[in-house]
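Protein chains: 4
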Amino acid sequence: MEFEESGIGEECGVFGCVAAGEWPTQLEVAQVLTLGLVALQHRGQESAGIVTSNGASPPTYTSHKGMGLVSTAFPPEALLKLRYGNLGICHTRYSTTGFSELQNCQPFVVDTLHGRIAVAHNGELVNARALRKKVMRHGVGLSTSSDSELITQLLALTPPMEELDTPDWVARIKNLMTETPTSYSLLVMFKDVIYAVRDPYGNRPLSIGRLVPISRLHSPGAGEEDTEGWVVSSESCSFQSIGAKYYREVLPGEIVQISRFGVKSLSIVPRPEGDLPAFCIFEYVYFARPDSIFEGQMVYTVRQRCGRQLAIEAPTDVDLVSTVPESATPAALGYAQQSGLPYTEVLCKNRYVGRTFIQPNTRLRQLGVAKKFGVLTDNFAGKRVVLIDDSIVRGNTISPIIKLLREAGATEVHIRVASPPIRFPCYMGINIPTKEELIANKPEFKDIAGYIGADSVEYLTVEGLVSAVQEGISSFQNENVGSHKEVGHCTACLTGKYPIELEW
Amino acid sequence: MEFEESGIGEECGVFGCVAAGEWPTQLEVAQVLTLGLVALQHRGQESAGIVTSNGASPPTYTSHKGMGLVSTAFPPEALLKLRYGNLGICHTRYSTTGFSELQNCQPFVVDTLHGRIAVAHNGELVNARALRKKVMRHGVGLSTSSDSELITQLLALTPPMEELDTPDWVARIKNLMTETPTSYSLLVMFKDVIYAVRDPYGNRPLSIGRLVPISRLHSPGAGEEDTEGWVVSSESCSFQSIGAKYYREVLPGEIVQISRFGVKSLSIVPRPEGDLPAFCIFEYVYFARPDSIFEGQMVYTVRQRCGRQLAIEAPTDVDLVSTVPESATPAALGYAQQSGLPYTEVLCKNRYVGRTFIQPNTRLRQLGVAKKFGVLTDNFAGKRVVLIDDSIVRGNTISPIIKLLREAGATEVHIRVASPPIRFPCYMGINIPTKEELIANKPEFKDIAGYIGADSVEYLTVEGLVSAVQEGISSFQNENVGSHKEVGHCTACLTGKYPIELEW
Amino acid sequence: MEFEESGIGEECGVFGCVAAGEWPTQLEVAQVLTLGLVALQHRGQESAGIVTSNGASPPTYTSHKGMGLVSTAFPPEALLKLRYGNLGICHTRYSTTGFSELQNCQPFVVDTLHGRIAVAHNGELVNARALRKKVMRHGVGLSTSSDSELITQLLALTPPMEELDTPDWVARIKNLMTETPTSYSLLVMFKDVIYAVRDPYGNRPLSIGRLVPISRLHSPGAGEEDTEGWVVSSESCSFQSIGAKYYREVLPGEIVQISRFGVKSLSIVPRPEGDLPAFCIFEYVYFARPDSIFEGQMVYTVRQRCGRQLAIEAPTDVDLVSTVPESATPAALGYAQQSGLPYTEVLCKNRYVGRTFIQPNTRLRQLGVAKKFGVLTDNFAGKRVVLIDDSIVRGNTISPIIKLLREAGATEVHIRVASPPIRFPCYMGINIPTKEELIANKPEFKDIAGYIGADSVEYLTVEGLVSAVQEGISSFQNENVGSHKEVGHCTACLTGKYPIELEW
Amino acid sequence: MEFEESGIGEECGVFGCVAAGEWPTQLEVAQVLTLGLVALQHRGQESAGIVTSNGASPPTYTSHKGMGLVSTAFPPEALLKLRYGNLGICHTRYSTTGFSELQNCQPFVVDTLHGRIAVAHNGELVNARALRKKVMRHGVGLSTSSDSELITQLLALTPPMEELDTPDWVARIKNLMTETPTSYSLLVMFKDVIYAVRDPYGNRPLSIGRLVPISRLHSPGAGEEDTEGWVVSSESCSFQSIGAKYYREVLPGEIVQISRFGVKSLSIVPRPEGDLPAFCIFEYVYFARPDSIFEGQMVYTVRQRCGRQLAIEAPTDVDLVSTVPESATPAALGYAQQSGLPYTEVLCKNRYVGRTFIQPNTRLRQLGVAKKFGVLTDNFAGKRVVLIDDSIVRGNTISPIIKLLREAGATEVHIRVASPPIRFPCYMGINIPTKEELIANKPEFKDIAGYIGADSVEYLTVEGLVSAVQEGISSFQNENVGSHKEVGHCTACLTGKYPIELEW
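Chains as they are written, first to last, in UniProt numbering: chain A, 1 to 504; chain B, 1 to 504; chain C, 1 to 504; chain D, 1 to 504.
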């Protein structure tokens, strides 16, 4: 199912770039940032912003923000304006609140006693309410409801307010991290440096890549001496579109400094004794692009393993396995491989369906989501079908699809869902429908198959999901931080077990 | 490969709707037309137009045209304006000429001595040049370069110019058909009737559907007594999105009258003795949506058969079969089934890549088409891959993809193309690059594998394609026209054999 | 009163330019056309179009049309597209019909047997209905309701339809002029020539200007050897903004050929014996810009004379004379000069008032037109005012202004109107409210002062207007056509006497 | 001269409205705000913003901001969004800095410990730099360069930071006023109240009006019992367009509370002993609309007096007096009255000239500002002209006008300027070209007449201007604050004498 139908939404994507070598750089930083954002567009389509710095003393910052997709928000004149940047950070946003105004766009830029900083944030501070109160009690007015402004003001007011030549931003970032445990992947730009920060629980992803000359891109062994710049991104899928190579993930709790001289791990802020990391498991299930790499494994591979596991947990006696295109395809292929059933396409997607202005209360409105899909009748008429979906959130999308298939001649339609039912809200950056809207919390869930019109419905178990995710994680080896392997995932929306105790 | 990359383009799609029963109708005709157009959007993205009639004497026609996708061209106020239509025709257009102005948009509406008519046209008149001269010699000025205006003026000036109460439009249409043999699928709206016309060679497709109540949509046996209206469309794929059922194709040479009383075959204009039909074979290979039905068979199925045939004609010794998403997927699955090799995805598409404003001469420009695809490295690293494409027109798209796969670890990359090489221009409505631009006409074609960087390249043969297309055609049975089966396809772009002799 | 309030509207303005000397020209023809149109914007704000020709054999025509003001309709890329023109014609339009679609935009371009022509038209054919029938009977379909298309098709079908190398366009234009007596000022562009045509009654204006080098612009005696190009325009006011000097008017019935070699009078088609010219008197009263020159006199001067005549015909015993800015100011100054009363401003205009989205049925809606004017209270509080207006059409604008002045302390408000009441429709190109809407035809007109709340209201007489207009006309002297003086004006909207008998 | 040509610009206009009586009000507050802003559009055309409050506990604030003119920035859906406001403030802005981004738009809204406040500001804080430092030293980050944000944060952090139910905003405003002496006219909205504040020097204007029923608008004696609401505005010219009556000015240093219960003077913060008020004299000369009232006198009247004084100080021996329309017209009429010379129009303005896309380096570019004006040749050919302008800032506008007049036949052209030369920068809210760009500081100024091509040039003296301004000021009488008359004006841009010592 597409995001817009399911009601689940990622809040944000962040991206940064620092040109290596002499400045002014020949590297087209603003364009690298734009393309990087485009590759993160699935994490937020509402607005986008870029801030660049020339890195001088004092630095000149240039920013542009706009509503809508990156291609709309950044017309050529915006790129022209940003073209003197030697480094920059950017952000794409999906609003979870009603306020979808331009002023909530990130990155957030402020002048502080120690100069201008810019902040881009993916995540949601679990203790935002208390922190807002604290900041306001200090006499600060907050002009937006965004956590990004809150983070910026927290960085600004952290004592001591000494007026030094070299403000200790790292101390301030560390202080911030003690004030709020999760969830954030953060880029802080100051003059000529980007600090890339991931919360101690590692709830949101953040990866580093290395720009190499295009001519060297296809020669696997290109050494660091070729580096044209460094990039940092919510997901590694953005690296390919800008000609960068995957370097490594930022670790939970780590503060990494990225400058034109390279990447340096400054500190790792620890979790409370005994706490495991809590990387959001839904990044694997749903949000991330299939070609992204987390914890050493490709997201596509994890989804395929979920499909295999689903075939073990919930087999069916049918003639063919199919997918709700496109996001469930890896799981469907995994299910087919494990079960030995043939993989067959039953639906094709109309790529031009978008906003059309259909009046309510018409026969066309009743057709619902089916308008988005073409039915490949001849592939399944007279056959029994198991349809794999990646998740069923509200149940209102799968139901008309099942009707379509039956009408076109499917004799049985079984649904297998490659993740467990969502039952709980997320307070760490994911937009989930209210508890009441979630199909798994409704009375109808007892007869979910009858409710959506399927012959049977089964979900992957939480244990099955966790094992499918964790079995492929490789240990982490890095020059800065040595070997590293600590595995743990947040399954709060499935189990109600939040990584830290929530205060209200 | 996507249309925009290959340089091949369909010119148009046409769609019409007549509400059944009493008028003013309750059926939201303008919205049916809009959604019908959206489903034909792959046939033209440059502009769109709708004309509706209230069907009264004299009729009131309302029209709206706009540039861009249907969703852009038809804002809510346009639909409001069109809302009193009881019938209507519409058109979506991809310009093959440099003139992409609004005035070339169809449908074309003119006032004639016998009242106002509206015309929508898919195709290209092979003898347009001579016909333009003829019309102008009669003293008519032509305000556009479009064949649609030419057709309209031909209909208007056909003698006798009697000023009757009931002009004989059918005689005029027949006369037009004697003047020009191909290629056109045509909708002519006059007052309360739509004439649906297909040229004697049946070069362009045209299908009829029946709107049924949504509540009856899912009960297969809904009889004609339930009919809410009739629709006619370039492709049957549009029927599902508006809640219509496939009824039948318009036959080559047939003139069908569609009114609120139903569908009536008025005449079948014959081809010259001995000539076969010449339905464009590239509708199967490339243009049509996979869920459309032509000649009794689903396009997807034909593509799958092409893949199977390709596996027979051009086998490979590799580890896996894959596709260039999304259009080559049916052929790839067919190849996999026939060959027994596992079907594996190696690329994922970034659905948000669109226009971004990348300056020329930058490192990013060099990345080329690769920005559109994510590489699913772990699925094929260390393996030998055969990649199925549906056609290779200019060769500039497949080449960077092969580089991407090699860089990511593919040990061999073989290309198999599920259609023969294009070598000749089309004069019947398809936009094909110039002969010089076609890779098959370049000297490099002798070593095409070396040129694009593949380990091997093979194409489907013309014979293979024709047999894959024709083996599934079922005979045509219809109440109006009886049983009917005559099989023939235009392969001019592959073979240079045009269905009629071209005059210059 | 502003046009939009009064309900009176000019339909169109036409403008053309031919570069002199060698081609390709250095003259920026497209920009001259654009600026020329801007200066005619008061004649039509709905849409605008430009067509240029490179003048070669065969010529390349380029056109651009757009909705709205010239500045909106012609973005930089449109000018770029048009930049290779060596000559061109353009048009700005105010729609009198409901159809305000782009396809009705002029200039109209058609391909004929003898090549492509472009036509721009100001006026309205009095016998359009009969001519449309005639054209359609010939078998021509008409795609718009515009007279411009009709004129173009009439030019195309005029016999004999010989296929000559040098079609005789002048004969065709003459033939057109025998088919329709009025009203039109017409520009016909063919290849490398513009034909400027004015109907035999001279109902609509048309003037010729000469482009000189900017450096010579300020030296009065610049000879023809300096000519950079020739322009032709509905009004001479456009000449100054493009650096052109006034040359002469096109005479009633005259066909003038404008080429890169200069201006040549080809023919003067006569009126029926005894008929006088019928130049629209409202061009002087209302439509034209005050700095335009007609019949040898400046429009401003005529308006001032109307004010003087009004002071003689309808004196008042008041303290000061004022104006409804800005159009009535010349008449008000004339009234002040003649009467000896001081000229004093009582209203200032808010230049930013435009479309704002005020809901109906609110207190703000009741404020009406007053929102457009600021009241200069201190200039008239406690005084008796005579307010000069140029015309009162519906009476709904002046009434709230009178209220404003009284509220601000005027002890008496007398209205004097510098033109006679409009009582009849115009069929020659001017949009006038229906007879029923005209205040002069309503019962309330008997007590017009009471109806609009004034202490007294008086209008200029028809005789007074005609003498004020005609007393300053100078005889016309031109190298091509010799001396020329024949004076006559159309006063049909005031008197019901139309220049030719109307057929229905 | 128009603002855009001269390079002088006002920075802002502010406007507020509170509905009287029961809430929810029937008064369309959002529309009153919009129309009020339109009437202040001459004070800023770059962006506009509105914030409304429903006045409840806690209040709901709604805001909308947009770039461009009010009519562009506030489409119907924006007004719909704002429609539940019972009170609101708004702002229109002309950027003096390069940053013209939406985020700098006012009003500025922030959440503080005591709730949400909104601030709109006209002016410029003379000690902004020091105050920014102070705020940042407190640990606050500033996200814009606007004084409005600075003011808002100063209001938020003023000690004591008690968390009370009824925060003492008036004490905070007073504290702000002790921190910064000038220049500001300020609207602060908190929940159900607007505080209208003017700095102790009264540098920027601020007036209060009373909304009465439209039916009572024209009866002068409407009592307070009819009040529908209260408005506050930078200029009183906005009152008429919304159906409000002028009530009084806010006094220098005064804090006025406007609630649904009426208007209440809370406090008057004094100036340092001996300092006079310093109302910007250029509001009279240039910025304000002529129908606005300051210090009891109409701006138009002051300008007329300047013209009279100029005729005394700098007489000419010519045939007629004229104006550069439209802003210099009152002064020209005053000059004519004093000198006895006839007032005659020599130029008319093309109201449609706006942005057109003229390429540089073309002959059209050389025509310059002359494109904006039509020349009324017959009114002055062969005569000597004195042309009155309101100010000459850079000299590049008047020069081509003089050329136009000479070319059209003026035998002499004398220039008289109704204000003294500008020589110094303004630090209190007015955008003035740099010292180097000011014509009065250039070497050419010695022969200014020769430089701009005039026969003579003379300016009004500073003494003449001051006396023309001050002679008409009436004493101020108000129920809240009693009688009041203290006269003083800022002439810093003319004399270099700033009202307070500037610290850098």
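For each residue, glycine too, the CB sits at the ideal point set by N, CA and C.
Would residue i count as contacting chain B if we go by Cβ distances under 7 Å?
i      : result
A/I214 : yes
C/M177 : no
A/G298 : Here residue 298 of chain A turns out to be Met, not Gly, going by the sequence shown. At least one chain B Cβ lies under 7 Å of A/M298.
A/D378 : yes
Name, in chain order, the residues that DSSP records as bridge partners for residue i.
i      : result
C/S53  : C/Y61, C/L87
B/W230 : B/V18, B/R210
A/F190 : A/I117, A/V193
D/S267 : D/I255
Using a Cβ cut-off of 7 Å (strictly closer), state whether residue i contacts chain D.
i      : result
C/P433 : no
C/K371 : yes
A/L33  : no
A/D455 : no
C/Y335 : no
C/G374 : yes
Contact check, residue i vs residue j under 8 Å by CB: the rounded distance?
i      : j      : result
A/L387 : A/C348 : Going by Cβ atoms, the distance from A/L387 to A/C348 rounds to 14 Å, so no, they are not a contact pair.
C/L40  : C/S234 : 6 Å
A/A118 : A/V51  : 4 Å
A/P200 : A/R271 : 4 Å
Distance cutoff 7 Å, beta carbons only. Does residue i sit that close to anything in chain E?
i      : result
A/Q106 : Considering every chain present, this structure includes no chain E. Its protein chains are A, B, C and D.
Under a CB-based cut-off of 7 Å, is residue i close to chain A?
i      : result
B/T97  : The predicted position of B/T97 is uncertain, since its pLDDT is 47 and thus under 50; a value taken from the coordinates is nonetheless stated next. With 7 Å as the cut-off, B/T97 does not count as an interface residue toward chain A.
D/G139 : yes
D/M136 : yes
Any contact between the region 103 to 112 of chain C and the region 141 to 153 of chain C? By contact I mean 3 or more CB pairs, one from each, below 8 Å.
yes
Let me know the alpha helix (DSSP H) ranges lying completely inside the region 412 to 473 of chain B, each 4 residues or longer, listed in chain order.
448 to 452, 462 to 470
Contiguous beta strand (DSSP E) assignments of at least 3 residues, all confined to the region 296 to 373 of chain A:
320 to 323, 347 to 349
Would you call the region 299 to 314 of chain B in contact with the region 329 to 344 of chain B, where contact means no fewer than 3 C-beta pairs closer than 8 Å?
Yes, they touch.
How about the region 378 to 394 of chain D and the region 402 to 419 of chain D: do they share at least three Cβ pairs that are nearer than 8 Å?
yes
At least three beta-carbon pairs within less than 8 Å, the region 78 to 95 of chain D to the region 53 to 67 of chain D:
yes
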